[in-house]
Amino acid sequence: MRRNRCFAWLLLISCSLGVAHAEDPRDPYKFFFNETWGDFHEELNNAKAQGKQGIMIFFEMNDCPFCHYMKTNVLNRPAVQAYYRQHFLLFSVDIEGDLDIKDMQGKSMKQKDFAFREHRVRATPVIAFFDLNGKKTYHHVGKTTGVEEFMQLGEYVVSGAYQTMPFIRYKQSLQQTQAKDK
């Protein structure tokens with residue numbers, strides 16, 4: 450009996466440590482963003498083949514404190530990484546970058562031109578969602594308040610709610626539902 454209790458305690462402690470470890474922050478460049486050669490036309494085909502809803506692009510800049518906040522407080526969370534990777538292919542674009550990329554139609558250009566000319570990104574971060582045809586379905590300018598709001602943003606796009614209401618109204622409806630449930 451004593452032996453079984455010791456085993457049960459060891460199992461409980463191991464599981465607890467495993468859960469704590471699973472929630473440890475992880476590098477967003479390894480666990481959130483997908484690797485790419487910068488061909489977004491090809492990435493749309495990859496997203497289709499993988500059964501994703503589309504792609505998400507995180508437009509960022511090196512010295513942006515709000516981008517840094519997102520990467521160190523939100524995009525590094527395992528639950529966020531799992532949810533977003535389940536539904537989207539995820540990419541980062543440097544709005545000042547000189548790397549050559551291809552846009553959704555396969556047209557070559559620099560990252561900075563893709564950001565500024567194609568998508569009018571002037572402030573960072575911008576979180577842009579694209580459907581499987583390369584059409585921008587929704588974009589969010591600025592950082593989110595944290596993990597909860599970023600998860601709501603993902604659910605807003607995944608559920609298709611962006612087609613019928615603004616994000617602010619979507620969040621308000623969630624808050625009202627939560628208040629009723631209490």
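For the sequence shown, our numbering begins at 450 and goes up steadily by one. Just so you know, even glycine gets a beta-carbon here, dropped at the ideal spot from N, CA and C. For clarity, every value in this text was computed on a predicted model and none was experimentally measured.
The DSSP-derived three-state label of F481 is coil. Contact between the segment 540 to 549 and the segment 605 to 615 is absent: fewer than 3 CB-CB pairs across the two stretches fall below 8 Å. For the 7 Å CB-CB criterion, R475 and N525 form a contact. Beta-bridge partners of Y587 (DSSP): F578. For G583, the CB contacts under 6 Å within the same chain, skipping 5 residues up- and downstream, are L493, M553 in chain order. Boundaries of the beta strand (DSSP E) around F540: 537 to 543. The C-beta of P574 has 16 or more other C-beta atoms within 10 Å across all chains shown, which makes the residue buried.
At least 7 Å separates the beta-carbon of I576 from that of H568. For M600, the uninterrupted alpha helix (DSSP H) run begins and ends at 596 to 608, by DSSP. No Cβ-Cβ contact shorter than 7 Å links G500 with F579.
Comparing C-alpha distances from Y478 to each of I617, I550, C516 shows the shortest one belongs to C516. Counting C-beta atoms within 10 angstroms of its own C-beta, Q560 has 16 or more neighbours from the protein chains shown and is therefore classed as buried. The C-beta separation of F616 from V523 comes to about 16 Å, leaving the pair out of contact by the 8 Å criterion. By the neighbour-count definition (other C-beta atoms within 10 Å, threshold 16), T593 is a buried residue. For the pair Q601 and W486, the Cα-to-Cα distance works out to about 29 Å. Counting along the chain, M519 sits inside the alpha helix (DSSP H) bounded by residues 514 to 522.
M505 counts as buried, since no fewer than 16 other beta carbons sit within 10 angstroms of its beta carbon. Closest in alpha carbon position to K556, among F482, E491, F481, is E491. Look at E509 here: in three-state DSSP terms it is strand.
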